[in-house]
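Residue numbers (my numbering): 431 to 574.
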């Protein structure tokens, strides 16, 4: 085999391994995902820390993820794993528009979400929405 074929096979194996690992990593080992926007951590990092401490104290395995992580995953697969997503107040205010439909699919396939107080009330550019992004799934327009 030539050197390039070996390099190609090694890279391909690494890529496929990373895809398999990332798809299965969060769904089975971490049944709870704390969804936060990194741009809001400066003002609301203490809120995210409080959620982390409570989950640790209760012995609940969890992982912190950005909204982009969710949007890059299949909501049907994650929903079938029975995951719970927590959108904490303060640090999950600004959420991308695509998360609205994504969470509907996720919930329809068995996932659970906790939308706390002001999660999803702002656009990614920190402008208030007319209606919260989770208004349809929660039945509450938390903008009002």
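Using N, Cα and C, we set each Cβ at its ideal position, and we do this for glycine too. This one's a predicted model, so the numbers in the text were calculated from it and none came from an experiment.
Quiz item: If residue 519 sits next to residue 539, beta carbons under 8 Å apart, how far is it from one beta carbon to the other, in whole angstroms?
Solution: Translated into positions along the chain shown, residue 519 becomes position 89. Translated into positions along the chain shown, residue 539 becomes position 109. Incorrect: roughly 26 Å between the Cβ atoms, too far for contact.
Self-check item: Per-residue DSSP class, three states only, for residue 471
Solution: Stepping through the chain shown from its first residue, residue 471 is reached at position 41. Correct three-state label for residue 471: helix.
Quiz prompt | Coil, strand or helix - residue 544 by DSSP | solution = To locate residue 544, count along the chain shown from 1; it is residue 114. In the structure shown, residue 544 sits in a strand (DSSP, three-state: E or B).
Quiz item: Where DSSP assigns a beta bridge to residue 462, which residues make up the other side?
Solution: One-based indexing of the chain shown puts residue 462 at position 32. Answer is 492, 514.
Quiz item: Taking Cβ positions, are residue 463 and residue 529 nearer each other than 8 Å?
Solution: For this step, residue 463 is matched to residue 33 along the chain shown. For this step, residue 529 is matched to residue 99 along the chain shown. Their beta carbons are not under 8 Å apart, which means residue 463 does not touch residue 529 by this criterion.
Self-check item: Length of the line joining the Cα atoms of residue 510 and residue 489
Solution: Residue numbering aside, residue 510 sits at position 80 when the chain shown is read from its first letter. Residue numbering aside, residue 489 sits at position 59 when the chain shown is read from its first letter. Cα to Cα, residue 510 sits roughly 23 Å from residue 489.
Practice problem: Using DSSP bridges, identify the partner residues of residue 558. | Solution: What you label residue 558 is simply residue 128 of the chain shown in a count that begins at 1. Residue 558 pairs with 552.
Quiz item: Looking at C-alpha atoms only, which residue of 474, 523, 565 is the closest neighbour of residue 497?
Solution: Position 67 of the chain shown holds residue 497. 523 is the residue among 474, 523, 565 whose C-alpha sits nearest the C-alpha of residue 497.
Quiz prompt | Three-way DSSP call (helix, strand, coil) for residue 502 in this model | solution = Against the chain shown, residue 502 aligns to sequence position 72. Reduced to three states, the DSSP call for residue 502 is coil.
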